[in-house]
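For what it's worth, our numbering labels the leading residue of the sequence shown as 26, then goes sequentially. Where a beta carbon is used, it is the ideal one built from N, C-alpha and C, also for glycine. All of these numbers come straight from a predicted model, not from anything done at the bench. A quick write-up on the structure given underneath.
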Amino acid sequence: MVRYRYSESDFRLIENSCLAFGVYQFLDRRVVTVALSEGLLELFGLPDRAEAYALMDNDMYRDVHPDDVARIEDAALRFATEGGGY
């Protein structure tokens, strides 16, 4: 499977949105970031867009309590591979 790419205009529409959301893809058994909105960056206090993409791709659970990380990772993997609620 290849990494999904939005058209340039759709990608800019997502990135410029004031609504807080991210678009991710489950690729090669890991979550990769496709697009992050301005609203998400604002919500999490991430002033640098490149840093935000790097954070989401490499340390998405940075602010999660250490006791909860494994459980959340397991739930995310189950959701990505089996569907259902997350």
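| said: Can you tell me whether Y86 is helix, strand or coil according to DSSP? | reply: As a working mapping, residue 86 is identified with position 61 in the sequence shown. The answer is coil: DSSP assigns Y86 none of H, G, I, E or B.
| Whether E67 touches A45 by CB criterion (9 Å) | Counting from 1 along the sequence shown, the entry for residue 67 is found at position 42. Counting from 1 along the sequence shown, the entry for residue 45 is found at position 20. Against a cut-off of 9 Å, the Cβ pair of A45 and E67 comes out as a contact.
| Where does R55 fall in DSSP's three states? | Reading the sequence shown from its first residue, position 30 is the one you call residue 55. Under the three-state reduction of DSSP output, R55 falls in the strand class.
| request: List the whole-angstrom C-beta distance separating T58 from D82, where the pair is believed to meet the contact cut-off of C-beta under 8 Å. | output: Residue mapping note: residue 58 aligns to position 33 of the sequence shown, counting from 1. Residue mapping note: residue 82 aligns to position 57 of the sequence shown, counting from 1. Contact between T58 and D82 holds: CB atoms are separated by about 5 Å, below the 8 Å threshold.
| CB contact below 9 Å: R55 versus chain E | Of the chains in the structure shown, none is chain E; there is only one protein chain.
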